[in-house]
Structures are given as C-alpha cells and as structure tokens.
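Chains as they are written, first to last, in numbering that gives the first Met the number 0: chain A, 0 to 481; chain B, 0 to 424; chain C, 0 to 254. Ideal Cβ placement from N, Cα and C applies to all residues, glycine included. It should be emphasised that the depicted structure is a prediction, and the values quoted were computed from it without experimental measurement.
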Amino acid sequence: MEKQQNKEINEFLKKNYEYGFETDIESETLPPGINEDVIRIISEKKKEPEFLLNWRLKAFAHWKKLKAPEWSQLNIDPIDYQSISYFSKPKQDDGPKSLDEVDPKLLETYEKLGIPLHERAKLAGVAVDAVFDSVSVVTTFKDKLAEAGVIFCSFSEAVQDHPELIKKYLGKVVPYRDNYFAALNAAVFSDGTFVYIPKGVRCPMELSTYFRINEAKTGQFERTLIVADEKSYVSYLEGCTAPMRDENQLHAAVVELIALNDAEIKYSTVQNWYPGDEKGKGGIYNFVTKRGDCRGENSKISWTQIETGSAITWKYPSCILRGNNSTGEFHSIALTNNLQQADTGTKMIHLGKNTKSKIISKGISAKSSQNTYRGLVSMSKGASQSRNYTQCDSLLIGNKSGAHTFPSINVNNTSSTLEHEATTSKISDDQLFYCQQRGIDEEDAIGLIVSGFCKEVLNELPMEFAVEARALLQVNLEGAIG
Amino acid sequence: MADQEKIKNLFSFEKIASITSGKPDYPDWFDEFKRLSTKNLMDQNLPSIKDSEWESTKINSLTKKLFNDDFNFSHSANDLIVEDTKKDPNKITISFSNGIYMCSEELPSHIKILSHIKDKDKFRDLLDIKKENNSSFSSTLNSIILSDLLLIETSSNQKVDTLIHIINHASNEANLAPRIEIRAATNSSVKILEEVRTSNDSIMNHVLRVNCQKNANIEFYKVIQRQENSHYLGTQDIEASENARIKFFLWDFGGDTSKTVTDTKLLGKKSEINYSALFTPNKYLHSGNQIKINHEASHTKSKIKVRGVLNDHSSGVFYGKIKVKESVTKTSAFMENKNLLLSDDASISSKPILEIYNDDTECSHSATSGSIDKEKLFYLKTRGIDEVEAKSFLVNSFIEEISGEITNKKIQDIFKKYLVQSGQL
Amino acid sequence: MSNKKEYVLEINDLSVSTSGSKILDGLNLSVKKGETHAIMGPNGSGKSTLAKTIAGHTDYEINSGTIKFLGNDLISMPIEERSNLGLFLGFQYPIEIPGLSNTAFLKAAINAQRKYNNLEDIPANEFLLELKSKADQLGLDQSFLSRGVNEGFSGGEKKRNEILQMLMLNPKVSILDETDSGLDIDSMKIVADGVNSTRNKETSTIVITHYERLLNYLEPDYVHVINDGQIIKTGDLTLANELEKKGYEWLTKKK
Numbered sequence: 000m001e002k003q004q005n006k007e008i009n010e011f012l013k014k015n016y017e018y019g020f021e022t023d024i025e026s027e028t029l030p031p032g033i034n035e036d037v038i039r040i041i042s043e044k045k046k047e048p049e050f051l052l053n054w055r056l057k058a059f060a061h062w063k064k065l066k067a068p069e070w071s072q073l074n075i076d077p078i079d080y081q082s083i084s085y086f087s088k089p090k091q092d093d094g095p096k097s098l099d100e101v102d103p104k105l106l107e108t109y110e111k112l113g114i115p116l117h118e119r120a121k122l123a124g125v126a127v128d129a130v131f132d133s134v135s136v137v138t139t140f141k142d143k144l145a146e147a148g149v150i151f152c153s154f155s156e157a158v159q160d161h162p163e164l165i166k167k168y169l170g171k172v173v174p175y176r177d178n179y180f181a182a183l184n185a186a187v188f189s190d191g192t193f194v195y196i197p198k199g200v201r202c203p204m205e206l207s208t209y210f211r212i213n214e215a216k217t218g219q220f221e222r223t224l225i226v227a228d229e230k231s232y233v234s235y236l237e238g239c240t241a242p243m244r245d246e247n248q249l250h251a252a253v254v255e256l257i258a259l260n261d262a263e264i265k266y267s268t269v270q271n272w273y274p275g276d277e278k279g280k281g282g283i284y285n286f287v288t289k290r291g292d293c294r295g296e297n298s299k300i301s302w303t304q305i306e307t308g309s310a311i312t313w314k315y316p317s318c319i320l321r322g323n324n325s326t327g328e329f330h331s332i333a334l335t336n337n338l339q340q341a342d343t344g345t346k347m348i349h350l351g352k353n354t355k356s357k358i359i360s361k362g363i364s365a366k367s368s369q370n371t372y373r374g375l376v377s378m379s380k381g382a383s384q385s386r387n388y389t390q391c392d393s394l395l396i397g398n399k400s401g402a403h404t405f406p407s408i409n410v411n412n413t414s415s416t417l418e419h420e421a422t423t424s425k426i427s428d429d430q431l432f433y434c435q436q437r438g439i440d441e442e443d444a445i446g447l448i449v450s451g452f453c454k455e456v457l458n459e460l461p462m463e464f465a466v467e468a469r470a471l472l473q474v475n476l477e478g479a480i481g
Numbered sequence: 000m001a002d003q004e005k006i007k008n009l010f011s012f013e014k015i016a017s018i019t020s021g022k023p024d025y026p027d028w029f030d031e032f033k034r035l036s037t038k039n040l041m042d043q044n045l046p047s048i049k050d051s052e053w054e055s056t057k058i059n060s061l062t063k064k065l066f067n068d069d070f071n072f073s074h075s076a077n078d079l080i081v082e083d084t085k086k087d088p089n090k091i092t093i094s095f096s097n098g099i100y101m102c103s104e105e106l107p108s109h110i111k112i113l114s115h116i117k118d119k120d121k122f123r124d125l126l127d128i129k130k131e132n133n134s135s136f137s138s139t140l141n142s143i144i145l146s147d148l149l150l151i152e153t154s155s156n157q158k159v160d161t162l163i164h165i166i167n168h169a170s171n172e173a174n175l176a177p178r179i180e181i182r183a184a185t186n187s188s189v190k191i192l193e194e195v196r197t198s199n200d201s202i203m204n205h206v207l208r209v210n211c212q213k214n215a216n217i218e219f220y221k222v223i224q225r226q227e228n229s230h231y232l233g234t235q236d237i238e239a240s241e242n243a244r245i246k247f248f249l250w251d252f253g254g255d256t257s258k259t260v261t262d263t264k265l266l267g268k269k270s271e272i273n274y275s276a277l278f279t280p281n282k283y284l285h286s287g288n289q290i291k292i293n294h295e296a297s298h299t300k301s302k303i304k305v306r307g308v309l310n311d312h313s314s315g316v317f318y319g320k321i322k323v324k325e326s327v328t329k330t331s332a333f334m335e336n337k338n339l340l341l342s343d344d345a346s347i348s349s350k351p352i353l354e355i356y357n358d359d360t361e362c363s364h365s366a367t368s369g370s371i372d373k374e375k376l377f378y379l380k381t382r383g384i385d386e387v388e389a390k391s392f393l394v395n396s397f398i399e400e401i402s403g404e405i406t407n408k409k410i411q412d413i414f415k416k417y418l419v420q421s422g423q424l
Numbered sequence: 000m001s002n003k004k005e006y007v008l009e010i011n012d013l014s015v016s017t018s019g020s021k022i023l024d025g026l027n028l029s030v031k032k033g034e035t036h037a038i039m040g041p042n043g044s045g046k047s048t049l050a051k052t053i054a055g056h057t058d059y060e061i062n063s064g065t066i067k068f069l070g071n072d073l074i075s076m077p078i079e080e081r082s083n084l085g086l087f088l089g090f091q092y093p094i095e096i097p098g099l100s101n102t103a104f105l106k107a108a109i110n111a112q113r114k115y116n117n118l119e120d121i122p123a124n125e126f127l128l129e130l131k132s133k134a135d136q137l138g139l140d141q142s143f144l145s146r147g148v149n150e151g152f153s154g155g156e157k158k159r160n161e162i163l164q165m166l167m168l169n170p171k172v173s174i175l176d177e178t179d180s181g182l183d184i185d186s187m188k189i190v191a192d193g194v195n196s197t198r199n200k201e202t203s204t205i206v207i208t209h210y211e212r213l214l215n216y217l218e219p220d221y222v223h224v225i226n227d228g229q230i231i232k233t234g235d236l237t238l239a240n241e242l243e244k245k246g247y248e249w250l251t252k253k254k
C-alpha cells in the first residue's frame with residue numbers, strides 16, 4: 000500500500016495542475032444573467048413539478064433582497080452575478096440511457112480525470128455519478144445498488160422518479176433562507192446527486208460523485224441530498240476539478256445530509272478545483288453550504304475534506320446534533336499555495352443529550368496564501384452530558400503565508416465538557432536537514448512532513464482516496480519553498 | 000440610527016459644558032479637546048452584539064445606562080465613607096472617592112494627579128487629541144467626561160520598591176471616568192495594585208494607558224469588586240518598547256455588565272507580556288474579558304492565561320486575539336482559557352483567535368469548558384470531606400492556577416481577602 | 000601511501016564559521032576504508048560543527064579548505080546527494096517529525112538512495128523483513144516502527160533509532176555525533192554492538208564522544224583530540240583512557 004502511495008506521489012511530482020484541460024463538446028448554455036425567466040427555463044428544461052418551481056422562485060425572491068456577504072478574512076473582488084451563465088448542458092437529446100449512449104468525448108474526459116465510468120473498471124466497488132458542468136452525465140452500478148434498495152441517481156432523475164422524497168427532505172437542513180449562496184443555489188441549481196439508503200441497509204459499496212466545470216463563464220450550482228434511513232450506513236465521496244481559465248468561476252453548491260435513528264453517513268470530499276495561477280489569475284470561487292442533520296438517536300455524521308484547490312474556499316460543513324447520543328465529526332485538511340485563500344471550518348450544534356463531536360483541522364499555508372479556520376461549537380442548555388474535542392493545527396511554509404484561527408465556543412450547561420487545542424508552527428529547518436541527510440530531497444521532504452502533519456485526517460479517508468489525497472497534497476505543495 | 004441620535008442629544012457640547020459646569024475655568028484647549036472627542040464619538044457606531052468583539056456581551060443595560068438622561072456627574076467625595084488606610088512604609092495608597100483624591104499622604108515625585116489646574120502643561124501634553132483619533136468607543140467617552148488624571152511616571156533607572164496601591168470608589172448612582180497613565184522610563188520598574196469598588200447603580204468607564212520603555216518592568220494588578228446593578232467598562236492600552244517586561248493581572252467579579260478590554264502592542268524587540276485574568280461572576284452578573292496582543296516586533300513573547308468560574312445565572316465572555324504581523328519573526332505566543340461552570344443556568348462564550356502572518360512563530364492556544372470533575376469530587380468525599388467543602392477546594396485549586404501568578408507578598412495578602420470572597424461563589 | 004587501502008574521506012585545511020565566529024580553523028583529517036576514528040575534545044571545540052559541515056548544514060560557512068568524499072568534492076554537493084552517496088550522520092539531537100511513521104520515513108530514504116543508483120524501489124516484503132530483523136537486533140519493539148519519527152521517544156530510543164537508520168541505509172561513512180550521550184549502560188552496549196556489526200572492510204566510522212566507555216566497546220583505530228578548531232593530538236585507545244583520567248587541560252595548555 001505504502002509503496003504504491005510513494006510511487007504515485009513520485010508520479011505526481013513536478014506536475015502542475017493536471018486537470019486543466021477543457022473538453023470540446025457542443026453544449027447548450029443559457030446566456031449569462033439571472034432573472035425569473037431563467038429560473039423558469041431551468042425548471043422547464045428539467046420538467047420539474049410545480050412545487051419545485053415555486054420553491055425556486057421563492058428562493059430567488061429572497062436572494063434578491065439579500066446583500067452579498069462581506070468577508071472578514073478574504074480579499075475578493077465583487078462578483079457580477081449577471082455575467083454568469085446559470086445553466087450549461089452537454090448537448091445530447093434526451094440524455095443518455097446507458098453508458099453506450101454517452102458522448103465518447105465525455106467518457107474520455109473522465110478517463111483523463113482518472114475516473115473510469117465503465118462498470119468493469121478498476122475502481123470496482125465504487126459507484127460513480129459524474130456531474131459535467133451542471134448536469135449529471137452518468138451513474139454507474141445502478142442495478143447492483145437497486146438490488147439493495149439504495150437510490151443513487153442524479154438529482155433531476157430523483158425529481159422525476161421520487162418526487163415524494165425530494166418534497167419531504169429538500170431544503171430541510173439548509174433552507175434557502177440560510178445564506179446568500181444557499182438562496183442563489185436554491186433558485187438556480189441545475190442538478191446534483193440524490194442518495195437514499197433504506198431502513199437497515201448497509202450500502203454495499205462506496206458512492207462517489209465527480210464534479211467537473213467545463214464550460215467557460217458558467218457557474219456550477221449543484222445540490223446533494225443524502226438521506227440515511229434508520230439503521231442504515233453509507234460512505235460517500237465527492238471529487239472536483241475544473242479547466243484552467245483566466246476568469247474566476249463560481250461554484251456554489253449545497254449539500255444536505257439527514258441521518259435518522261442509528262444511521263451513519265460518512266461524507267468525504269477531495270476538492271481540487273482549479274486554484275488559479277501563481278499570480279492569482281483565474282481559479283474557482285468555492286462557496287459551499289454543507290450541513291448534516293443528526294436527526295435520529297444514535298445517529299452519526301462525519302465530514303472529511305481535503306481542500307487543495309480553488310482560488311477561494313468558503314465552506315463550513317456542519318452538524319446539527321439533534322438526536323440524543325448522536326455524533327458529529329469533522330476532519331479537514333486545507334492546503335493553500337501561491338495566492339489561494341481558504342476560509343473553512345465547521346459548526347457543531349449540540350442540541351440532544353449526550354451528544355459528541357470531534358473536530359480535527361489541519362491547515363497548511365505556503366507562499367503568499369491565507370488559511371483560516373473558523374468554527375463554532377455550541378452546547379445548548381438541553382445538551383446535557385455532551386462532549387466536544389477540537390484540535391486545529393496550522394503549518395506555515397514561507398514567511399509571507401498566513402494562518403488564522405477563529406474558534407467560537409458557547410456553553411450553556413454545566414454537564415458538558417469541551418476542549419479546544421490549537422497550534423501554529425512552521426516546517427523547521429532542522430526537520431528538513433534531517434530528511435535531507437537521509438537522502439530525501441527538499442520537495443519530497445516537505446511532502447513527507449506535511450503528510451505526517453495531516454495523518455489523523457488522511458486516516459479517515461477510504462483507502463482508494465487516501466492515495467489520491469496524498470498525491471494531491473504533494474502536487475499542490477510544488478514550489479512551496481523557493 | 001435612533002441610538003446615534005440619542006448620543007447626539009446627550010453629548011452636544013452645550014450638554015458637556017453643563018455637565019462639567021462645576022468647573023467653569025476650563026481653558027480653551029481643554030474645551031477643544033472635549034469638543035473634538037465628542038465629534039469622534041459621533042462618528043463612531045454604538046457597540047453592538049453584531050460586532051464580534053461585543054458578541055455575547057450583556058450590552059443593553061450598559062448602553063441604556065450610559066445614555067441615561069439622568070446622567071449625573073456631580074458627586075462629592077463625601078457621598079462615600081472611605082476606610083482609613085494604615086500607614087505602611089512599603090506601600091503608598093492613593094484613594095479616590097468618586098474620582099476625587101482623598102488621601103493626605105504626600106505623594107512621591109513619580110506620582111502626580113494632574114488636571115487643567117494642577118500641572119496643566121503636562122496634563123495638556125498627555126491629552127493629545129491626535130492620539131485619540133483611533134481610540135475605542137469607551138475611551139472616547141472617557142475623554143469627554145474626564146476631569147483629571149493620575150500619572151505614575153518613573154525616571155530612568157528608578158526602581159520603585161514601594162507598592163502603589165490605588166483604590167477607586169464609586170458611590171451610588173455615580174458616573175465616573177477615571178484615567179490612569181503609567182509611564183515607566185528606561186531601566187525602571189514599578190508595581191501597582193488597583194482596586195475598583197463600585198456601588199449600586201454606578202457606572203465607571205475607566206481608561207488605563209501604559210507605556211513601558213526600554214528594559215523597564217511594570218507589574219499591574221487589578222481587582223474589580225462585585226457589585227450588582229453596577230457597570231464597569233475598562234479600557235487598557237499597553238505599549239512595550241524593546242526588552243520591556245509587563246505583567247498584567249486582572250480579577251473581575253462581574254457586574255450587571257462588566258467588560259475589560261486590553262489592547263497590547265509589543266513594539267520593541269524582545270518585549271514580553273504576561274497577562275493573567277480571572278472572572279468569577281455569580282447571580283445574574285456578567286463579566287467580559289477581552290485581550291488583544293499585537294506582535295509588532297521580532298523576538299517578542301506573549302502569554303495569556305484566563306480562567307472563568309461561573310455560578311448561578313451568570314454569563315462570561317472571553318475574547319482573545321493574538322496577531323503576528325508580516326515580517327515579524329521569532330515570536331512566541333501562548334493563549335489559554337479555561338472555564339468552570341458551576342450551574343446549568345450559567346453560560347460562557349470563548350473566542351481564542353490567532354492571526355498569524357509570518358511563519359517564524361511558535362503559537363498555541365487552548366480553551367476548555369466543563370464542570371467540577373466528578374472523579375476529583377468523589378476522591379475528596381472518600382477522604383471524609385463534605386460536598387460543599389470539596390467543591391470549594393476544587394474551585395480554589397482552579398483559581399490558584401491563576402492567582403499563583405502573583406509573586407508579590409503584599410499583593411498576595413490583599414488577594415487572599417478576595418479569595419475568601421470567592422468562597423461564596 | 001604505503002597503505003593499500005584507499006581514502007574515503009579527506010579533509011584538508013578546513014576553516015568554518017557560523018554567525019560570524021570561526022569554529023574550525025585549518026582542520027585536517029583523513030579516513031580510510033574500514034577505519035574507525037574517534038574525535039574527542041572539550042565543549043565548543045568544534046566537534047559537532049565538523050559533523051554538520053561534512054553533512055552540509057547551511058548554518059556553517061566554509062571559509063577555506065576542501066572535503067573529498069570517495070574522491071568527489073563534497074562542498075558543492077547537495078545534502079541529500081551526500082547521503083545518497085553513502086554519508087550518514089547520527090544526530091546528537093535527533094529531530095521529531097510528528098505523524099510521519101518511522102517505516103514510511105525509512106522507506107522514502109532507502110528508495111531515494113536506490114533511485115540515485117538507478118535501482119527500482121525496494122520490494123515491500125524485502126524492506127519489511129530487513130527492517131524487522133534490524134529492529135530486533137537493536138531491541139526495538141514492532142510498535143516502534145509505526146510511531147512518528149522520534150515523536151515522543153525517550154533519549155535512548157532516539158539514539159537507537161539513529162542506529163537503526165544507519166543499519167538500514169548501509170552507509171560508506173558514518174559520523175556518530177555523541178550517540179552515547181544520555182544512554183544507560185544497556186543501551187550503550189546495544190548501540191555499540193549495532194555499530195560494530197557494520198564494521199567491515201567497506202564501512203568507516205567517525206565517532207564523536209566525550210567518554211571513553213563507548214570507545215572501549217568500539218576499539219577505534221585512531222583517537223583524535225580537537226581543540227580550537229584543530230586536531231591537536233592523535234593517538235590510539237590509550238589516549239582516550241588517558242583523557243578520561245586527566246581531562247583535556249594538559250593537552251590544551253601545551254598548545
């Protein structure tokens with residue numbers, strides 16, 4: 000295992016952003032701009048039921064009333080929301096019925112990304128849903144999942160095939176009123192992934208979605224909704240890439256997780272959106288709202304994220320620990336290089352009795368990048384006997400980088416305990432010298448030291464993705480010193 | 000907006016003139032200073048809980064109190080009965096009653112009480128309106144109201160061994176704005192203890208400015224006594240030059256609202272601050288502790304240790320922020336906040352913040368919150384100690400982690416008195 | 000020249016300074032294949048500076064002189080290349096790298112060396128078997144291998160870990176900088192046995208130490224005394240025994 004990892008790391012070495020290609024596919028893209036008509040067109044194209052259109056319109060009406068957020072720790076140019084196209088779809092009438100019907104160029108794209116969609120592919124054991132620009136192109140392993148009663152499909156399909164589930168759960172964890180980007184997403188979201196794990200079912204394989212922004216001047220606004228019914232379990236992973244473009248592109252997704260009694264959801268993200276070049280030109284603005292609702296007793300939701308991409312990342316995957324004895328976890332690695340900015344963290348809202356949460360955050364900032372952890376742990380009065388443990392460590396590489404920690408702790412009962420620890424340090428010259436004396440060159444040494452620093456989080460990833468994550472760290476650290 | 004209007008009404012210059020009309024002999028420059036301070040206040044926003052530095056602070060009763068129309072500035076020292084302080088060769092006591100200097104002891108040359116009458120040139124030098132431009136809401140308000148100033152100023156190489164003991168009393172319904180300025184010259188050292196004793200319905204908006212020159216050493220200890228229905232706002236600005244050492248100790252028993260804001264700038268190389276604070280409110284009292292440390296020079300060190308013990312329906316806020324500027328290297332910073340909740344109705348909000356713009360730093364921070372350790376309680380009970388006493392043992396040992404920072408015997412003695420008081424937590 | 004054995008390390012007229020002050024001042028030292036040299040000397044005499052300079056630490060500025068390692072000019076060579084060629088430094092204070100397991104670290108080091116020599120990566124099985132047997136030899140528990148590099152190790156564990164790395168990397172020249180300091184007698188015996196097990200015609204060792212005890216186990220071919228940045232006396236083990244009794248003063252004063 001480890002040998003393979005090292006090999007892959009070596010392969011990734013000396014590479015720049017390698018997913019920067021674009022795919023030349025005819026697509027159907029709405030002209031830039033947002034208004035009620037655009038929303039009606041999106042809804043109509045997707046043959047949506049009326050309740051959904053109405054929900055979108057309400058969200059849009061609400062969004063119009065909001066002011067764009069002001070950023071405390073981020074430097075960001077104002078975004079012109081009228082210059083973005085809110086819908087782009089690879090042109091193909093009626094959509095593919097099976098893999099054979101998928102445009103070969105698209106399949107090629109996913110091969111390039113290292114995501115084989117063919118069911119016999121080597122990533123066996125992982126079911127993949129691929130979202131290209133705003134539309135889900137293909138979902139693999141559908142039959143096998145259906146046997147187990149698992150629903151794993153594009154959001155659009157779910158709207159057609161399971162409208163009752165969508166109606167029941169959509170917007171219940173992240174209402175459109177939640178924040179500026181949640182409102183925008185609710186108004187214009189084009190597709191995404193829907194997962195439902197029925198009672199007592201342990202999902203027989205890892206589920207995975209790969210997101211790809213291809214078209215220029217588009218934004219990507221997908222929604223993911225995962226519902227784990229009583230006593231069920233699912234592990235889900237998303238990966239993200241985009242072509243290299245000079246302009247900034249917006250990604251404003253919403254993810255809602257719901258875990259009922261005794262259910263467990265493990266949600267992992269390997270985010271490698273295009274970060275912009277070393278001068279800070281281009282790159283994805285990644286403004287994502289992710290929240291899990293531990294609604295049932297003994298339920299568990301854990302977030303694991305490896306954030307290496309994007310020009311700006313703004314996301315706080317959170318857990319509402321509503322059910323008694325429920326557990327929330329957040330494991331995060333955020334690596335920034337050059338002029339990247341990341342502002343990420345989590346909220347753990349303890350409402351139920353005897354609830355537990357754990358936060359492990361590792362921030363690495365290199366060159367002139369800025370990396371911020373922002374977190375909230377709240378113990379409400381009813382959350383008796385609850386516990387939180389937080390550890391957030393920052394590693395700085397280079398004297399122009401910044402690491403900031405903004406934790407917020409609120410406790411309103413006496414039987415809960417809470418511990419927060421944080422450190423900020425740099426890679427020491429002594430550590431580098433030690434590695435180099437053992438024959439390891441500087442770049443590899445930094446990679447090794449950083450992966451050691453991140454170990455607790457990397458251990459949380461499913462095996463297949465731990466390799467990818469380590470490699471990503473190494474690639475994104477390139478030129479960190481010098 | 001309505002609030003801003005209210006300020007305007009209250010702080011029109013005419014109003015200030017009438018407030019301070021007991022002293023018609025204000026020179027023009029002092030009038031001007033107050034007029035400009037008033038203008039500065041108008042340009043500011045009122046403190047709001049939407050501002051992260053005021054979040055979770057019991058702010059309403061404070062602003063209500065601050066802008067009460069029955070603003071009463073005319074108290075006499077006679078409203079208070081001040082205990083006689085014993086003569087002690089190792090200690091000099093400076094007692095203020097409603098801001099009026101009360102003691103007959105002759106002051107040594109390094110302690111002065113300045114006003115527009117006494118030492119007025121020095122007074123004028125210290126009240127530089129240019130320096131006031133960026134000051135906070137509380138200290139601007141202080142500038143508007145203040146009438147005199149206590150200056151403790153050492154000369155180069157002066158080691159002041161005598162403890163300077165300041166007592167600040169406020170009578171019922173008093174509204175005071177005391178200001179203390181400490182200037183320690185090169186290679187000098189000085190130790191100061193201040194006790195704040197407020198009364199029912201009083202409000203004290205206290206400003207302390209500390210300037211610690213090269214190689215100088217300042218120890219400052221402060222206690223804010225518990226008083227229901229009283230309000231306390233403390234603004235402490237500290238500047239440290241090269242190799243300066245500052246020790247700051249604060250114990251706040253809470254008030255209807257009590258908030259201290261300490262802003263430290265480590266401006267000189269190798270300067271150090273050691274900040275320890277304790278807040279122990281009970282009943283419905285509130286205590287807020289805010290400490291900001293800016294590392295603006297290389298090889299600077301800071302240490303923050305804050306403990307909160309909260310009982311009944313009390314609430315506490317800790318806000319700590321360490322900032323290391325770009326191009327500042329070889330710094331070390333440590334921040335720790337621990338809280339003990341003794342009641343289900345008490346609450347604590349803690350924000351230990353780090354803003355680091357240079358990699359050559361060793362920083363750590365931690366925060367905890369919990370109740371009394373059941374295992375420890377059990378252990379003490381098996382040794383025959385009853386629950387109440389066992390709890391008080393454990394609370395005291397928690398407090399001891401901070402009060403252990405007091406190394407001076409004289410100050411320890413004074414604090415022991417408060418430890419007894421804390422027995423009633 | 001009469002000796003048939005070749006020189007592996009040749010230090011000529013080496014002068015080195017750090018933060019402006021001169022530490023080594025015209026030092027000469029030559030080491031042949033298979034030899035063991037001990038370097039002793041009072042605190043601050045330049046022993047550790049010599050070790051770090053040979054390894055290429057950037058804190059030390061070389062003012063004059065040459066260092067040849069297996070015939071190559073060492074001074075212009077990157078740190079890692081010196082290592083890949085077979086130079087090993089046992090650190091006086093081994094560095095902690097939290098989270099990075101001993102195993103992963105050693106494997107990265109070995110594969111870097113193999114890559115330098117145009118060899119394939121070491122097969123995982125072969126590596127693990129060798130690692131386990133070497134760890135056993137040094138009395139290190141299996142669990143030790145999955146712990147972070149020197150993370151939370153005791154002083155003795157750190158030093159044994161240095162020897163483990165040395166055994167795994169199979170160097171041509173090892174410089175052990177006070178590897179014996181902070182070791183109890185049992186650990187010292189284990190470390191000495193470890194070092195002795197590498198002694199053959201191919202490997203040379205330079206031991207920097209304050210005490211004769213380790214040297215009694217190692218029986219060095221030469222004992223050098225360094226003072227004020229120069230070697231002021233060279234002898235054999237009896238010199239070390241003499242120093243243990245008399246201290247350095249009789250030597251340094253003579254100068």
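Residues of its chain near residue i, where Cβ-Cβ distance is below 6 Å and the 5 sequence neighbours each way are ignored
i	result
residue 57 (chain B)	256, 285
residue 58 (chain A)	175, 182, 185, 186
residue 45 (chain A)	155
residue 210 (chain B)	182, 238
residue 272 (chain B)	245, 263, 301
Beta-carbon contacts of residue i that lie in its chain and below 7 Å, excluding the five residues immediately before and after
i	result
residue 50 (chain C)	88, 174, 176, 207
DSSP beta-bridge partners of residue i
i	result
residue 453 (chain A)	For residue 453 (chain A), which the question treats as bridged, DSSP gives no partner whatsoever.
residue 355 (chain A)	A:326, A:386
residue 313 (chain A)	A:286, A:342
residue 394 (chain A)	A:363, A:424
Close-in-space but distant-in-sequence residues of the same chain around residue i (CB under 8 Å, 5 per side omitted)
i	result
residue 125 (chain B)	113, 148, 150, 180
Run through the stretch 178-250 of chain B for me and flag every whole beta strand (DSSP E) of 3 or more residues, listed as ranges in chain order.
178-183, 188-196, 202-211, 216-223, 226-239
Under 8 Å (Cβ pairs) to chain C, residues found in the stretch 286-313 of chain A:
none
Minimum length 3: unbroken beta strand (DSSP E) runs contained in the stretch 266-348 of chain B
271-278, 285-294, 300-309, 314-323, 330-340
Near-chain B residues of the stretch 411-429 of chain A (beta-carbon distance less than 9 Å), N- to C-terminal order
411, 412, 413, 414, 415, 416, 417, 418, 419, 420, 421, 422, 423, 424, 425, 426
Extract the residue ranges of the alpha helix (DSSP H) inside the stretch 178-252 of chain A, only unbroken runs of 4 or more that lie entirely within it.
179-187
Ignoring anything shorter than 4 residues or poking outside the stretch 123-154 of chain C, list the alpha helix (DSSP H) runs there in chain order.
123-136, 141-145
Check distances from the C-beta atoms of the stretch 390-403 of chain A to those of chain B and list, in chain order, the residues that come in under 8 Å.
393, 395, 396, 397, 398, 399, 400, 401, 402, 403
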